[in-house]
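Engineer: Following the working numbering from start to finish, the sequence shown increments by one per residue and tops out at 511.
Think of the CB as a built atom: it goes at the ideal place given N, C-alpha and C, for glycine as much as any other residue.
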Amino acid sequence: LTDSVNQAQVAVLCGTRNLSWKMAKPLFEHQIEFNYLEEELLPDCSVKDGKLCLQNQAYSLVIADHTVSGAAQEILHVFQKQGGHVLDWRPGMGAGEVEDLIARPYVFDPAACELRCTYLKKDGVPVMILVNEGETEVNTVLHLKRESVAEVWDAWKGTMQPVSEPSCDWPLRLKRRESRILVLQRE
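1. Considering only DSSP beta bridges, list what Lys445 is partnered with.
2. Could you give the C-beta distance for Leu468 and Cys492, rounded to a whole number, given that I count them as a contact under 8 Å?
3. When the Cα atoms are used, what is the spatial distance from Glu459 to Ala436?
4. Report yes if the CB atom of Leu425 is closer than 8 Å to the CB atom of Leu385, and no otherwise.
5. Looking at Ile505: is its Cβ nearer than 8 Å to the Cβ of Trp480?
6. So who's on the other strand from Arg440, going by DSSP bridges?
7. Pull up the distance between the alpha-carbon of Pro429 and that of Lys499, whole angstroms please.
8. For Pro350, which residues in the same chain have their Cβ closer than 6 Å to its Cβ, ignoring the five residues on either side in sequence?
9. Determine the DSSP secondary structure at Val334, reduced to helix, strand or coil.
10. Ignore the nearest five residues each way along the sequence and tell me which others in Leu496's own chain have a CB closer than 6 Å to its CB.
11. Going along the chain, which residues of its own chain have a beta-carbon closer than 8 Å to the beta-carbon of Ile399, five neighbours each way excluded?
12. Hey, would you say Tyr443 sits closer than 8 Å to Glu353, going by beta carbons?
13. May I have the straight-line CA-CA distance separating Asp327 from Val507, to the nearest angstrom?
14. Can you tell me whether Met484 is buried or exposed, with buried defined as 16 or more other CB within 10 angstroms of its CB?
15. Which word fits His390, buried or exposed, when buried means at least 16 other C-beta atoms lie within 10 angstroms of its C-beta?
16. Straight-line CA distance for Ala348 to Val449?
17. Report the rounded CA-to-CA distance for His401 versus Glu421, giving the unit in angstroms.
18. Given Gln300, which residues of its chain have a CB within under 7 Å of its CB, disregarding the five upstream and five downstream residues?
19. With a threshold of 16 other CB atoms inside 10 Å of the CB of Val427, please say whether the residue is buried or exposed.
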C-alpha cells in the first residue's frame, strides 16, 4: 500500500517529544482514525474549505489538550473561522464528542475496543485495513455510508477474494490478532 494516503479527518496536536495516549485511546477504541500533528507544523498548514491541510492530509477536527500560542494559534483561528472544529480535550471526554464533529464514511456497530481500523486511498481506490489487537474475537458490523465491500484480502493466507454481492453492511468476525484488508467500491 505504498503511496496510499490515510483519510483521517482528526488531528491530535502533540509536541515533538510527547504524544497523548489519553486522547488517542477513545479514538482507537471507537475506530476513529486520526493522525498526530506536531504543533510546530501548524504554521506550515493551509486552510481550505474548512479543512486544515498539510500535504495530502485534510482535517476537519483538531484536538488539543493544551493551550496553543503564537503562529499555531493564528492558523487554528483561521481554521475555525472557515468552519473547522477545535476540541479542547479534558479528562473523561469520550469519543462521542468527536463523532458529533466529523462526517465518518463508516461506523462499526457495536464499536469494538480492540479493533484497529485505517481507511486509505490508493490510486483513488478506498481500502480499509482492520486488525484485532485483542485476545478475544471481534464480532461487529461495518456500516459504510458511500461505498460497499468489493474484495476481502487475507494477508496471512495470501488470499484475495472478490465479494459475490457487494454490501455496505458487512458482518465482521476477526479472531485474536487476525486482520483483513477490504477493498471498497463506490455505491
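Structural biologist: So, to answer that:
1. Val329, Pro450
2. 4 Å
3. 12 Å
4. yes
5. no
6. Val455
7. 25 Å
8. Gly418, Ala419
9. strand
10. Thr464, Leu466
11. Leu366, Pro367, Cys369, Val371, Leu376
12. no
13. 16 Å
14. exposed
15. exposed
16. 27 Å
17. 20 Å
18. Given a span of 325 to 511 for the chain in the structure shown, any question on residue 300 remains unanswerable.
19. For the sequence presented, residue 427 should be read as Ala rather than Val. Exposed.
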